[in-house]
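>
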Amino acid sequence: RDYWFRSGTPSYLIRLLAHTDENLDELTGKYYDPQEFVDYKANVEKPLPMIYQSGYLTIKDYKPRRGTFLLDFPNNEVKKGFVSLVASDYFKPQRENINSWIQDLIDALEEGDTDKLHKLFTSFLADIPYTMRRKHEERERERCFHYTFYLIFRLVSVYTVYTEKEQSEGRVDCIVETPDYVYIFEFKLDGSADEALKQIEEKGYARPYASDKRPVYKIGVSFSSETGTIDGWKVQSERFKQHTFFNNLHKQEIP
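Put into C-alpha coordinates, the structure is as follows:
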(Lines of atoms letter the chains of each structure in order from A and count residues from 1; the text may use other names and numbers.)
(Lines give C-alpha, C1' and ligand atoms only; values in the text may rest on other atoms or scores of the structure.)
Protein backbone atom coordinates (compact mmCIF):
# COMPACT_ATOMS: atom_id res chain seq x y z
CA ARG A 1 0.00 0.00 0.00
CA ASP A 2 2.77 2.43 0.88
CA TYR A 3 5.03 1.51 -2.05
CA TRP A 4 4.53 4.83 -3.83
CA PHE A 5 5.57 6.76 -0.75
CA ARG A 6 8.61 4.61 -0.15
CA SER A 7 9.76 4.73 -3.76
CA GLY A 8 8.59 8.24 -4.67
CA THR A 9 9.56 10.32 -1.66
CA PRO A 10 12.82 12.21 -2.31
CA SER A 11 15.41 11.27 0.28
CA TYR A 12 16.50 14.90 0.51
CA LEU A 13 12.97 15.87 1.58
CA ILE A 14 13.07 13.36 4.43
CA ARG A 15 16.51 14.63 5.47
CA LEU A 16 15.25 18.20 5.32
CA LEU A 17 12.27 17.44 7.55
CA ALA A 18 14.51 15.58 9.98
CA HIS A 19 16.48 18.78 10.63
CA THR A 20 13.72 21.36 10.56
CA ASP A 21 12.17 22.87 13.67
CA GLU A 22 8.76 23.09 11.98
CA ASN A 23 6.03 20.64 13.02
CA LEU A 24 3.89 18.97 10.37
CA ASP A 25 0.71 19.56 12.34
CA GLU A 26 1.47 23.29 12.37
CA LEU A 27 2.18 23.47 8.63
CA THR A 28 -0.86 21.82 7.08
CA GLY A 29 -4.48 22.87 7.01
CA LYS A 30 -3.62 26.59 6.93
CA TYR A 31 -3.99 29.47 4.48
CA TYR A 32 -0.83 30.83 2.86
CA ASP A 33 0.21 33.62 0.56
CA PRO A 34 1.47 31.98 -2.67
CA GLN A 35 4.93 33.46 -2.11
CA GLU A 36 5.23 31.25 0.95
CA PHE A 37 5.03 27.95 -0.94
CA VAL A 38 5.93 28.50 -4.62
CA ASP A 39 9.63 29.17 -4.02
CA TYR A 40 11.35 25.84 -4.72
CA LYS A 41 14.36 25.96 -2.43
CA ALA A 42 15.66 23.43 0.08
CA ASN A 43 15.42 25.46 3.28
CA VAL A 44 15.53 23.86 6.72
CA GLU A 45 13.80 26.87 8.25
CA LYS A 46 10.98 26.85 5.66
CA PRO A 47 10.23 23.31 4.42
CA LEU A 48 6.71 24.15 3.15
CA PRO A 49 7.73 24.91 -0.48
CA MET A 50 9.62 21.61 -0.71
CA ILE A 51 6.66 19.61 0.64
CA TYR A 52 4.24 21.33 -1.73
CA GLN A 53 6.46 21.04 -4.81
CA SER A 54 7.01 17.35 -4.05
CA GLY A 55 3.28 16.80 -4.51
CA TYR A 56 2.27 15.87 -0.98
CA LEU A 57 0.16 18.97 -0.37
CA THR A 58 -2.61 20.33 -2.54
CA ILE A 59 -4.63 23.54 -2.72
CA LYS A 60 -8.03 22.91 -1.14
CA ASP A 61 -9.48 26.41 -0.98
CA TYR A 62 -8.85 30.01 -2.02
CA LYS A 63 -9.77 33.32 -0.37
CA PRO A 64 -9.98 35.95 -3.16
CA ARG A 65 -10.07 38.96 -0.84
CA ARG A 66 -6.82 38.00 0.85
CA GLY A 67 -5.29 36.12 -2.06
CA THR A 68 -4.42 33.17 0.19
CA PHE A 69 -4.60 29.42 -0.45
CA LEU A 70 -5.49 26.55 1.90
CA LEU A 71 -2.78 23.87 1.75
CA ASP A 72 -3.41 20.37 3.08
CA PHE A 73 -2.93 16.70 2.24
CA PRO A 74 -5.24 15.64 -0.62
CA ASN A 75 -6.54 12.61 1.28
CA ASN A 76 -5.90 10.43 4.31
CA GLU A 77 -3.89 7.87 2.34
CA VAL A 78 -1.32 10.45 1.28
CA LYS A 79 -1.22 11.91 4.79
CA LYS A 80 -0.76 8.50 6.40
CA GLY A 81 1.98 7.48 3.98
CA PHE A 82 3.86 10.75 4.33
CA VAL A 83 3.67 10.85 8.13
CA SER A 84 4.71 7.19 8.34
CA LEU A 85 7.85 7.90 6.34
CA VAL A 86 8.75 10.96 8.37
CA ALA A 87 8.13 9.04 11.61
CA SER A 88 10.21 6.11 10.38
CA ASP A 89 13.19 8.41 9.92
CA TYR A 90 12.52 10.40 13.09
CA PHE A 91 12.31 7.24 15.18
CA LYS A 92 15.20 5.55 13.38
CA PRO A 93 16.93 4.34 16.60
CA GLN A 94 13.75 2.42 17.53
CA ARG A 95 12.86 1.34 13.98
CA GLU A 96 13.25 -2.39 14.68
CA ASN A 97 10.83 -2.29 17.61
CA ILE A 98 8.45 0.48 16.53
CA ASN A 99 5.77 -1.80 15.04
CA SER A 100 5.62 -3.97 18.15
CA TRP A 101 5.54 -0.88 20.35
CA ILE A 102 2.71 0.67 18.31
CA GLN A 103 0.68 -2.54 18.69
CA ASP A 104 1.19 -2.44 22.46
CA LEU A 105 0.05 1.19 22.41
CA ILE A 106 -3.10 0.28 20.46
CA ASP A 107 -3.86 -2.50 22.96
CA ALA A 108 -3.52 -0.07 25.87
CA LEU A 109 -5.79 2.49 24.19
CA GLU A 110 -8.41 -0.16 23.43
CA GLU A 111 -8.32 -1.46 27.00
CA GLY A 112 -8.43 1.94 28.70
CA ASP A 113 -5.19 1.04 30.47
CA THR A 114 -3.66 4.43 31.35
CA ASP A 115 -0.96 2.85 33.54
CA LYS A 116 0.26 0.87 30.56
CA LEU A 117 0.17 4.02 28.41
CA HIS A 118 2.35 5.76 30.97
CA LYS A 119 4.94 2.97 30.96
CA LEU A 120 4.98 2.72 27.15
CA PHE A 121 5.52 6.44 26.59
CA THR A 122 8.11 6.74 29.35
CA SER A 123 10.26 3.91 28.00
CA PHE A 124 9.87 5.06 24.40
CA LEU A 125 10.94 8.65 25.08
CA ALA A 126 13.86 7.47 27.19
CA ASP A 127 15.30 5.73 24.11
CA ILE A 128 15.31 8.88 21.95
CA PRO A 129 18.92 10.14 21.69
CA TYR A 130 19.74 13.46 23.34
CA THR A 131 20.88 14.91 20.01
CA MET A 132 17.37 14.50 18.58
CA ARG A 133 15.68 16.45 21.37
CA ARG A 134 18.43 19.00 22.02
CA LYS A 135 17.00 22.49 21.56
CA HIS A 136 18.38 25.77 22.84
CA GLU A 137 15.09 27.54 23.46
CA GLU A 138 12.45 26.29 25.89
CA ARG A 139 9.66 26.71 23.33
CA GLU A 140 11.57 24.58 20.81
CA ARG A 141 12.20 21.86 23.40
CA GLU A 142 8.51 21.75 24.25
CA ARG A 143 7.56 21.58 20.57
CA CYS A 144 9.98 18.68 20.15
CA PHE A 145 8.04 16.63 22.71
CA HIS A 146 4.71 17.71 21.18
CA TYR A 147 5.98 16.69 17.74
CA THR A 148 7.03 13.28 19.04
CA PHE A 149 3.54 12.65 20.40
CA TYR A 150 2.01 13.98 17.18
CA LEU A 151 3.95 11.47 15.05
CA ILE A 152 3.21 8.62 17.45
CA PHE A 153 -0.54 9.22 17.42
CA ARG A 154 -0.59 9.77 13.66
CA LEU A 155 0.94 6.31 13.29
CA VAL A 156 -2.00 4.98 15.32
CA SER A 157 -4.26 6.06 12.47
CA VAL A 158 -6.97 3.51 13.19
CA TYR A 159 -8.41 6.04 15.64
CA THR A 160 -9.55 9.64 15.44
CA VAL A 161 -6.68 11.86 16.58
CA TYR A 162 -6.72 15.62 17.08
CA THR A 163 -3.62 17.65 17.87
CA GLU A 164 -3.72 21.29 18.93
CA LYS A 165 -7.51 21.18 18.50
CA GLU A 166 -9.23 24.55 18.76
CA GLN A 167 -11.96 24.89 21.39
CA SER A 168 -13.81 27.90 22.78
CA GLU A 169 -11.43 28.21 25.74
CA GLY A 170 -8.16 27.36 24.01
CA ARG A 171 -6.26 24.65 22.13
CA VAL A 172 -6.11 21.08 23.40
CA ASP A 173 -2.69 19.50 22.97
CA CYS A 174 -4.03 16.10 21.94
CA ILE A 175 -7.30 14.14 21.87
CA VAL A 176 -7.52 10.45 20.93
CA GLU A 177 -10.92 8.86 20.36
CA THR A 178 -11.41 5.10 20.24
CA PRO A 179 -14.77 3.31 19.98
CA ASP A 180 -14.80 2.79 23.76
CA TYR A 181 -12.69 5.59 25.27
CA VAL A 182 -11.72 9.25 24.88
CA TYR A 183 -8.26 10.46 25.95
CA ILE A 184 -7.52 14.16 26.46
CA PHE A 185 -3.81 15.01 26.86
CA GLU A 186 -2.20 18.23 28.04
CA PHE A 187 1.61 18.47 28.02
CA LYS A 188 3.98 20.59 30.10
CA LEU A 189 7.75 20.89 29.79
CA ASP A 190 9.55 21.08 33.14
CA GLY A 191 6.20 21.80 34.76
CA SER A 192 3.93 19.48 36.69
CA ALA A 193 1.30 16.94 35.72
CA ASP A 194 -1.05 18.58 38.22
CA GLU A 195 -0.64 21.87 36.37
CA ALA A 196 -1.42 20.19 33.05
CA LEU A 197 -4.49 18.43 34.47
CA LYS A 198 -5.66 21.69 36.05
CA GLN A 199 -5.56 23.34 32.63
CA ILE A 200 -7.80 20.61 31.18
CA GLU A 201 -10.26 21.25 34.01
CA GLU A 202 -10.19 25.05 33.93
CA LYS A 203 -10.41 25.29 30.15
CA GLY A 204 -13.22 22.74 30.00
CA TYR A 205 -11.51 20.60 27.36
CA ALA A 206 -13.73 17.62 28.27
CA ARG A 207 -16.95 19.63 27.98
CA PRO A 208 -17.70 18.57 24.37
CA TYR A 209 -17.87 14.97 25.62
CA ALA A 210 -20.29 15.66 28.50
CA SER A 211 -23.07 13.66 26.85
CA ASP A 212 -20.74 10.99 25.45
CA LYS A 213 -21.29 7.49 26.82
CA ARG A 214 -17.60 6.66 26.61
CA PRO A 215 -15.35 7.13 29.66
CA VAL A 216 -13.21 10.26 29.23
CA TYR A 217 -9.64 10.13 30.53
CA LYS A 218 -8.05 13.51 31.20
CA ILE A 219 -4.28 13.05 31.33
CA GLY A 220 -1.79 15.67 32.47
CA VAL A 221 1.76 14.91 31.34
CA SER A 222 4.98 16.69 32.30
CA PHE A 223 8.28 16.20 30.48
CA SER A 224 11.76 16.68 31.85
CA SER A 225 14.21 18.41 29.52
CA GLU A 226 16.96 16.98 31.74
CA THR A 227 16.07 13.29 31.38
CA GLY A 228 14.21 13.58 28.06
CA THR A 229 11.25 11.58 29.26
CA ILE A 230 8.06 11.77 31.34
CA ASP A 231 8.48 12.77 34.97
CA GLY A 232 4.82 13.37 35.82
CA TRP A 233 1.59 11.62 34.80
CA LYS A 234 -1.79 12.40 36.35
CA VAL A 235 -5.09 10.84 35.25
CA GLN A 236 -8.66 11.78 36.03
CA SER A 237 -11.67 9.90 34.68
CA GLU A 238 -14.99 11.61 34.08
CA ARG A 239 -16.79 8.28 34.36
CA PHE A 240 -15.06 7.59 37.69
CA LYS A 241 -16.21 10.94 39.05
CA GLN A 242 -19.78 10.13 38.05
CA HIS A 243 -19.61 6.75 39.74
CA THR A 244 -18.29 8.34 42.91
CA PHE A 245 -21.18 10.80 42.87
CA PHE A 246 -23.78 8.07 42.54
CA ASN A 247 -22.12 5.96 45.21
CA ASN A 248 -22.26 8.89 47.62
CA LEU A 249 -25.96 9.29 46.89
CA HIS A 250 -26.60 5.66 47.74
CA LYS A 251 -24.74 6.03 51.02
CA GLN A 252 -26.95 8.90 52.21
CA GLU A 253 -29.61 7.94 54.70
CA ILE A 254 -33.17 8.30 53.46
CA PRO A 255 -35.39 9.95 56.10
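Start counting the sequence shown at 3; every next residue gets the next number (the working numbering). Backbone N, C-alpha and C define an ideal beta-carbon position, used for all residues, glycine too.
Give the single residue among 82, 33, 229, 235 whose Cα lies nearest to the Cα of residue 68.
For residue 68, the nearest C-alpha among the options comes from 33.
> Do you know offhand how far residue 197's Cα is from residue 66's?
Rounded to the nearest angstrom, the two C-alpha atoms are 43 Å apart.
> Based on the DSSP secondary-structure assignment, which residues constitute the bridge partners of residue 238?
In the DSSP output, where bridge partners are listed per residue, residue 238 has 220.
> Measuring straight from C-alpha to C-alpha, what distance separates residue 206 and residue 172?
Those two C-alpha atoms are separated by around 9 Å.
> Need the endpoints of the alpha helix (DSSP H) that residue 185 sits in, please.
Premise fails: residue 185 lies in the beta strand (DSSP E), 184-191, not in any alpha helix (DSSP H).
> Which stretch, first to last residue, makes up the alpha helix (DSSP H) that contains residue 204?
Residues 195-205.
> Pull up the distance between the alpha-carbon of residue 85 and that of residue 124, whole angstroms please.
So the alpha carbons of these two residues sit roughly 22 Å apart.
> Let me make sure I understand the geometry here. Which of 47, 216, 58 has the alpha-carbon closest to that of residue 30?
Selected option, being the one with the closest Cα: 58.
> The alpha helix (DSSP H) with residue 126 in it runs from where to where?
Start and end: 116-128.
> Measure from the alpha carbon of residue 36 to the alpha carbon of each residue in 60, 235, 169, 163, then state which is nearest.
Among 60, 235, 169, 163, the Cα nearest to that of residue 36 is on 60.
> So is residue 156 buried or exposed if we call it buried at 16+ other beta carbons inside 10 Å?
Buried, by the Cβ-count rule.
> By the three-class DSSP mapping on this structure, what secondary structure does residue 231 have?
Coil at residue 231, not helix or strand.
> Rounding to the nearest angstrom, what Cα-Cα distance links residue 216 and residue 208 in this structure?
Straight-line Cα distance between these residues: approximately 12 Å.
> Going along the chain, which residues of its own chain have a beta-carbon closer than 6 Å to the beta-carbon of residue 201, five neighbours each way excluded?
So the list reads 188, once near-sequence residues are dropped.
> Is the separation between the beta-carbon of residue 233 and that of residue 224 shorter than 7 Å?
It is a contact, given that the beta carbons lie within the stated cut-off.
> Do you know offhand how far residue 71's Cα is from residue 126's?
Roughly 38 Å separates the two Cα atoms.
> Flag this pair as yes or no: are the beta carbons of residue 236 and residue 186 separated by less than 7 Å?
Their beta carbons are not under 7 Å apart, which means residue 236 does not touch residue 186 by this criterion.
> How is residue 150 classed by DSSP in three states: helix, strand or coil?
Helix, per DSSP.
> Select from 63, 114, 229, 194 the residue whose C-alpha is nearest the C-alpha of residue 240.
Measuring from the Cα of residue 240, the nearest candidate turns out to be 114.
> Output yes or no for whether 7 Å exceeds the beta carbon distance between residue 128 and residue 119.
Contact: no.
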